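Colleague: I have a structure here, written as structure tokens, and I will follow up with some questions on it.
Protein chains: 2
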Amino acid sequence: MATEQGQLPDAYDEVLEQFARVTYLSDGGSYLNWDQEVMMPDDGTPARAKQLSTISGVHHDLLTDDVVADGLDELDESELPQPQAAEVREVRRQYDRAAKVPRDLVERISEETSNALPVWKEAKAESDWSTFAPKVETLLDLKREYAEHIDPDADPYAVLFADYEPYLDLSVAEDVLTTLRDELVPLIDDIKASDTELADPFDGAYSDDTQMALCRSLLDTLGYDWDRGRIDVAPHPFSLGTQFDARVTTRFDEEDPVGAIGSTIHEFGHATYTLGLPQEHYGSPLGQHRGLTVHESQSRLMENHVGRSRAFWDLVTDDVNDHLGTEVTPQAGYEAANQIYPENRIRVEADELTYHMHIVLRFEIERDLLAGDLDVEEVPAVWNEKMEEYLGVTPDDDAEGCLQDIHWSHGSFGYFSTYSLGSVLAAQLFAAAEDDIADLDGKIRNGEFGPLHDWLTENVHAHGQRYETNDLVREATGSGFSADPFVEYATAKFGDLYDL
Amino acid sequence: MATEQGQLPDAYDEVLEQFARVTYLSDGGSYLNWDQEVMMPDDGTPARAKQLSTISGVHHDLLTDDVVADGLDELDESELPQPQAAEVREVRRQYDRAAKVPRDLVERISEETSNALPVWKEAKAESDWSTFAPKVETLLDLKREYAEHIDPDADPYAVLFADYEPYLDLSVAEDVLTTLRDELVPLIDDIKASDTELADPFDGAYSDDTQMALCRSLLDTLGYDWDRGRIDVAPHPFSLGTQFDARVTTRFDEEDPVGAIGSTIHEFGHATYTLGLPQEHYGSPLGQHRGLTVHESQSRLMENHVGRSRAFWDLVTDDVNDHLGTEVTPQAGYEAANQIYPENRIRVEADELTYHMHIVLRFEIERDLLAGDLDVEEVPAVWNEKMEEYLGVTPDDDAEGCLQDIHWSHGSFGYFSTYSLGSVLAAQLFAAAEDDIADLDGKIRNGEFGPLHDWLTENVHAHGQRYETNDLVREATGSGFSADPFVEYATAKFGDLYDL
Chain A
1 MATEQGQLPD
11 AYDEVLEQFA
21 RVTYLSDGGS
31 YLNWDQEVMM
41 PDDGTPARAK
51 QLSTISGVHH
61 DLLTDDVVAD
71 GLDELDESEL
81 PQPQAAEVRE
91 VRRQYDRAAK
101 VPRDLVERIS
111 EETSNALPVW
121 KEAKAESDWS
131 TFAPKVETLL
141 DLKREYAEHI
151 DPDADPYAVL
161 FADYEPYLDL
171 SVAEDVLTTL
181 RDELVPLIDD
191 IKASDTELAD
201 PFDGAYSDDT
211 QMALCRSLLD
221 TLGYDWDRGR
231 IDVAPHPFSL
241 GTQFDARVTT
251 RFDEEDPVGA
261 IGSTIHEFGH
271 ATYTLGLPQE
281 HYGSPLGQHR
291 GLTVHESQSR
301 LMENHVGRSR
311 AFWDLVTDDV
321 NDHLGTEVTP
331 QAGYEAANQI
341 YPENRIRVEA
351 DELTYHMHIV
361 LRFEIERDLL
371 AGDLDVEEVP
381 AVWNEKMEEY
391 LGVTPDDDAE
401 GCLQDIHWSH
411 GSFGYFSTYS
421 LGSVLAAQLF
431 AAAEDDIADL
441 DGKIRNGEFG
451 PLHDWLTENV
461 HAHGQRYETN
471 DLVREATGSG
481 FSADPFVEYA
491 TAKFGDLYDL
Chain B
1001 MATEQGQLPD
1011 AYDEVLEQFA
1021 RVTYLSDGGS
1031 YLNWDQEVMM
1041 PDDGTPARAK
1051 QLSTISGVHH
1061 DLLTDDVVAD
1071 GLDELDESEL
1081 PQPQAAEVRE
1091 VRRQYDRAAK
1101 VPRDLVERIS
1111 EETSNALPVW
1121 KEAKAESDWS
1131 TFAPKVETLL
1141 DLKREYAEHI
1151 DPDADPYAVL
1161 FADYEPYLDL
1171 SVAEDVLTTL
1181 RDELVPLIDD
1191 IKASDTELAD
1201 PFDGAYSDDT
1211 QMALCRSLLD
1221 TLGYDWDRGR
1231 IDVAPHPFSL
1241 GTQFDARVTT
1251 RFDEEDPVGA
1261 IGSTIHEFGH
1271 ATYTLGLPQE
1281 HYGSPLGQHR
1291 GLTVHESQSR
1301 LMENHVGRSR
1311 AFWDLVTDDV
1321 NDHLGTEVTP
1331 QAGYEAANQI
1341 YPENRIRVEA
1351 DELTYHMHIV
1361 LRFEIERDLL
1371 AGDLDVEEVP
1381 AVWNEKMEEY
1391 LGVTPDDDAE
1401 GCLQDIHWSH
1411 GSFGYFSTYS
1421 LGSVLAAQLF
1431 AAAEDDIADL
1441 DGKIRNGEFG
1451 PLHDWLTENV
1461 HAHGQRYETN
1471 DLVREATGSG
1481 FSADPFVEYA
1491 TAKFGDLYDL
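These protein sequences, in sequence, are chains A and B. Note that our numbering gives residue 87 to position 87 of the first sequence, counting from 1, and the numbers run on in steps of one. Note that our numbering gives residue 1008 to position 8 of the second sequence, counting from 1, and the numbers run on in steps of one.
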């Protein structure tokens, strides 16, 4: 078996070189998305839509170019050494999907999503689903067409899901969501019935500037590399970038600094994954993230297992008090970060348990929309029914109901379940890290994030797309993907907090 | 002659459709340049260089695609109606140049310029030409190679100049610079010899925030459309964008608020041109600017003929005083904005007269560099000699000498003379506007910028690339391109100010 670069077939070099161009172009486009959501003046949309749809079309052309098609024909992964075989596997996967979809459709989807973004913003501001509904209808049609091209015999929702998580079957997502519903609903009911009330000490109004200064300070504590990152405000927080420049965004509610802390640490987790991808493999699948399940595991690990731990609040409470002018104890901060409040209607503000009910709801609605079993105009009513069923609350209006998330304006149907998959994987990875790192809890309490950071880099980030999702999980934890560690962790933590 | 869209040949539609994709891609890239200079974290450069060089290469491929080549072969401008003939003329011009240059060279130039930017920044911060010199050497070699591909028999400097100003011969630039030197040097000498001293009333220290608030207020007064623009800080101010989103940047020196005002109004002039390009022609040459001479005429017209007028200072002095906490009179503000100070070493801080000596110096150095008559390592010595010769001053170090401008890091050799050409054209256009608009001076004094804005839109902006530069000037002013109006204007204004 050839193992040296010089013995690899020419086709390998040709395919990977072209794939690098695809990556560079697509990364360039991603910073234009960042700009659109963070910096672009309001009326810039029509031109930006053209720019991004052209990039999407060119991306498609480059990826499906003969140099890739012919090169892949010549290559056989089973005859290649690792990690080159993995690189070719990943290029082939992307090529196989892209080659089935016409460029025109790719460009239309891109342009429609750019144009849908301000319509969603406006509809949310006006709390009027009916103005956004036609865009959702259009995007659903386009995405159905897209899925039909890729596999006319498959469930279109499963086809779309594979864009976000290519190596776990949709049935895994269904199983995880079922497990979470079965396990968490009784736990949430127990908490509701409990007499224990957690501390809720941040009862002032905290300015955006104050909260931003605090978030920056916490990112310093966590070790964010400012030479390769930045933080800005966005209506719907996200992280985006490359291993050379991975940015985070956050948002502020003057009554909820704990929300901003959680959201910022969440996006920091995403950025840390991106920054941990090997720079020497930039442009290759080995320099790219392993899909949204693993990406979300990194954000949720930081947000929940670090940021919502008692050890972390022991570390940062003084700093929080200094910034906010409060006199909160570490235990009170810890409790504030772990409040379970089923009455919340907003997914991104949800606690660790009810969060997953928000995902179940979206998963069910999206599946019905894609299958044509639910009309777009019926979404607000169905949304509100399910909120009542799963959480016992009804949104006051569409803005805090079915218009709350940005995803549908991006045409991202099939995305949401990766949030639950990632949360579950976060618990599994953190448990493995705890096994490997002596006194991880004490290290967090002391602000020693190096060992955790190194563990994540070594076991997750540095691999890029070398392993399929399940294999990555097995390499890192010694066992297959499982929701059990999350259920154990949640049951123990909230059982303790709420004296169950 | 066919005049309706339906009667145009198919090749016209095919060529223009492809050219629109070229434009969208290139505009997308331009916002990545904005990001690199304004927002990007320091260590993002290697990835950004790859993204931009890929876009440059794809831009080249799309522009030289068979659909353009074959379409242009079929089309004959003389048989097309206007403005379609002008569109095809402009696509042909760009195609003819691009087709002669290999994509690989285009990509190398792009990547080298992206990588040169941080090296220039660092060299300037350290005031050390020797660290930047290798990059200049590399870029000179690449640009010589580029010019050689386009026309091996032409003066390479003239070939490069045509990238910035395609329709004025380099001899026009030489003539203008000669005229400016011949006319302005005696005027500057007279001013030096004059006993008159202009007021210099801004002698405090003004914070960045204070100056930014003032600049924003002045842009409000001038009518900047914030829904299609934004202002940020950049080490080397610039404006960039499309008719949907044209941004400005500025910078601050705590001792020089008048400098920030001038720089901001200058970039506002550029943005106003961009925003005045017809939106319905976005993607066509009719929706693109007419080259850097005309672009600079719009910035200089706003900076000098509006922002450095007594009428403007009558309008804004109260606002300036409110922001800066000063008690300056309109006459004192006007004088401060019109100080002639040959001892200044920085082009972008130069007054209206000595400015052109900075251009002459760069023009001469660049020509000698391109021709191989000057070694890169000799630049600092030659720069300083010429400063002494033309302005009677010697820079203290390279940072305020040959490292002051960003342009060489962009590989933009041949660019500078368009600054003088634009300044001269600004005077010519403003004189024509004064002829056409009753009491333009009074209108500026009253803050009525609508008529001037409309005149510029109608006579310059709305045409995009419909006319060649000289024809545009003739359409707008009734006469050919001329430096005379500038000389008359400068002689009268400074003669009056300095009692000559």
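Glycine included, each C-beta is placed from N, C-alpha and C at the ideal position. Since the structure is predicted, the reported quantities are computational estimates derived from the model, not experimental observations.
Please state the DSSP three-state secondary structure of E1014(B).
Modeller: Residue state, collapsed to three classes: helix.
Colleague: Can the beta-carbon of K386(A) be found less than 8 Å from the beta-carbon of L361(A)?
Modeller: It is a contact, given that the beta carbons lie within the stated cut-off.
Colleague: Between Q1051(B) and chain A, is any beta-carbon pair separated by less than 8 Å?
Modeller: It does: the Cβ of Q1051(B) has a partner Cβ on chain A nearer than 8 Å.
Colleague: Excluding the 5 residues flanking K1192(B) on each side, which residues of the same chain have their C-beta closer than 7 Å to its C-beta?
Modeller: The answer, listed in chain order, is P1342.
Colleague: Taking only beta-carbon atoms, is F1268(B) less than 8 Å away from chain A?
Modeller: Output row for F1268(B): interface = no.
Colleague: With the cut-off set at 8 Å, would you say E90(A) and L16(A) are in Cβ contact?
Modeller: Contact flag unset, no.
Colleague: Is there a Cβ from chain B that is less than 8 Å from the Cβ of F252(A)?
Modeller: F252(A) does not count as touching chain B.
Colleague: Going along the chain, which residues of its own chain have a beta-carbon closer than 6 Å to the beta-carbon of N1115(B), five neighbours each way excluded?
Modeller: These residues qualify, in order along the chain: A1049.
Colleague: Could you tell me which residues DSSP puts in a beta bridge with R247(A)?
Modeller: Note: R247(A) sits in a beta bridge opposite L240(A).
Colleague: What is the DSSP secondary structure of V328(A), reduced to helix, strand or coil?
Modeller: The answer is coil: DSSP assigns V328(A) none of H, G, I, E or B.
Colleague: Determine whether the Cβ of F1363(B) lies closer than 8 Å to any Cβ atom of chain A.
Modeller: False, the Cβ-Cβ gap to chain A never drops below 8 Å.
Colleague: Straight-line CA distance for A1098(B) to V1068(B)?
Modeller: So the two alpha carbons sit approximately 11 Å from each other.
Colleague: Got a sec? Which residues, its chain only, sit under 7 Å from A390(A) by beta carbon, not counting five neighbours each side?
Modeller: The question names Ala, but residue 390(A) is Tyr in the sequence shown. Answer for Y390(A): M357, V360 and L361, listed in chain order.
Colleague: Going by DSSP in three states, V1233(B) sits in which element: helix, strand or coil?
Modeller: DSSP places V1233(B) in strand when its eight states are reduced to three.
Colleague: For chain A, check one thing: does any of its Cβ atoms lie closer than 8 Å to the Cβ of D1220(B)?
Modeller: Not closer than 8 Å to any Cβ of chain A, the Cβ of D1220(B) fails to qualify, so no.
Colleague: Against P46(A), what residues of chain B qualify as contacts under a CB-to-CB distance less than 9 Å, listed in chain order?
Modeller: Per Cβ cutoff of 9 Å: F1244, Q1279 and Y1282.
Colleague: Measuring only between beta-carbons, confirm whether D209(A) sits less than 8 Å from chain B.
Modeller: Cβ-Cβ to chain B under 8 Å: no for D209(A).
Colleague: Using a threshold of 8 Å, state whether the C-beta atoms of E165(A) and T293(A) are closer than that.
Modeller: Cβ atoms of E165(A) and T293(A): closer than 8 Å.
Colleague: Using a Cβ-Cβ cutoff of less than 7 Å, which residues in the same chain neighbour T1196(B) once the five nearest sequence positions on both sides are dropped?
Modeller: Hits under 7 Å: Y1498 and D1499.
Colleague: Which word fits P235(A), buried or exposed, when buried means at least 16 other C-beta atoms lie within 10 angstroms of its C-beta?
Modeller: The residue is exposed, with fewer than 16 neighbouring Cβ atoms inside 10 Å.
Colleague: Determine the chain B residues that contact A240(A) at a beta-carbon separation under 7 Å, and present them in chain order.
Modeller: Reading off the sequence shown, one finds Leu at residue 240(A), where the question assumed Ala. Those do not exist, as L240(A) stays about 12 Å from chain B at its closest Cβ, beyond 7 Å.
Colleague: Could you list which residues in chain A have their beta carbon closer than 7 Å to that of R1021(B), in chain order?
Modeller: Result: T54.
Colleague: Going by the beta-carbon positions, is the gap between Y1146(B) and L1105(B) smaller than 8 Å?
Modeller: Against a cut-off of 8 Å, the Cβ pair of L1105(B) and Y1146(B) comes out as a contact.
Colleague: Here's the rule: buried if 16 or more other CB atoms are within 10 angstroms of the residue's CB, otherwise exposed. What is D405(A)?
Modeller: The residue in question, D405(A), is buried, as its Cβ has 16 or more Cβ neighbours within 10 Å.
Colleague: Can you give the beta carbon distance from T249(A) to I265(A), rounded, assuming they're within the 8 Å contact cut?
Modeller: About 13 Å; that fails the 8 Å criterion.
Colleague: If you count every other CB in all the chains shown that lies within 10 Å of the CB of A953(B), and 16 or more means buried, which is it?
Modeller: The first residue shown for chain B is 1001 and the last is 1500, placing residue 953(B) beyond what the model contains.
Colleague: Within this structure, are the beta carbons of H1347(B) and Y1355(B) separated by less than 8 Å?
Modeller: Here the sequence assigns Arg to residue 1347(B), which means His is not the residue at that position. Yes, the Cβ-Cβ distance between R1347(B) and Y1355(B) is below 8 Å.
Colleague: Taking the alpha helix (DSSP H) that D96(A) belongs to, which residues open and close that run?
Modeller: From DSSP, the alpha helix (DSSP H) with D96(A) extends over Q84 to A98.
Colleague: State buried or exposed for A1427(B), treating a residue as buried only when at least 16 other CB atoms are found within 10 Å of its CB.
Modeller: Looking at its Cβ environment, which holds 16 or more other Cβ atoms inside 10 Å, A1427(B) is buried.
Colleague: Grouping DSSP H, G and I as helix and E and B as strand, with all else coil, what is P395(A)?
Modeller: DSSP places P395(A) in coil when its eight states are reduced to three.
Colleague: Buried or exposed: Q1084(B), going by 16 or more other Cβ atoms within 10 Å of its Cβ?
Modeller: Under this definition Q1084(B) is a buried residue.
Colleague: Could you say which of T1329(B), L1063(B), Y1031(B) and M1039(B) lies nearest to L1052(B) if we only look at CA atoms?
Modeller: Considering only alpha carbons, the answer is Y1031(B).
Colleague: Give me the residue from T329(A), L301(A), A476(A) and E349(A) with the minimum Cα distance to F449(A).
Modeller: Checked all of T329(A), L301(A), A476(A) and E349(A); the closest Cα to F449(A) is L301(A).
Colleague: Does W1455(B) come within less than 8 Å of chain A when only Cβ atoms are used?
Modeller: Chain A, which has no Cβ nearer than 8 Å to the Cβ of W1455(B), makes this no.
Colleague: Around the Cβ of T178(A), are there at least 16 other Cβ atoms within 10 angstroms (buried) or fewer (exposed)?
Modeller: When all chains shown are included, T178(A) counts as exposed.
Colleague: Alpha carbon to alpha carbon, how far is V1119(B) from T491(A)?
Modeller: Roughly 55 Å separates the two Cα atoms.
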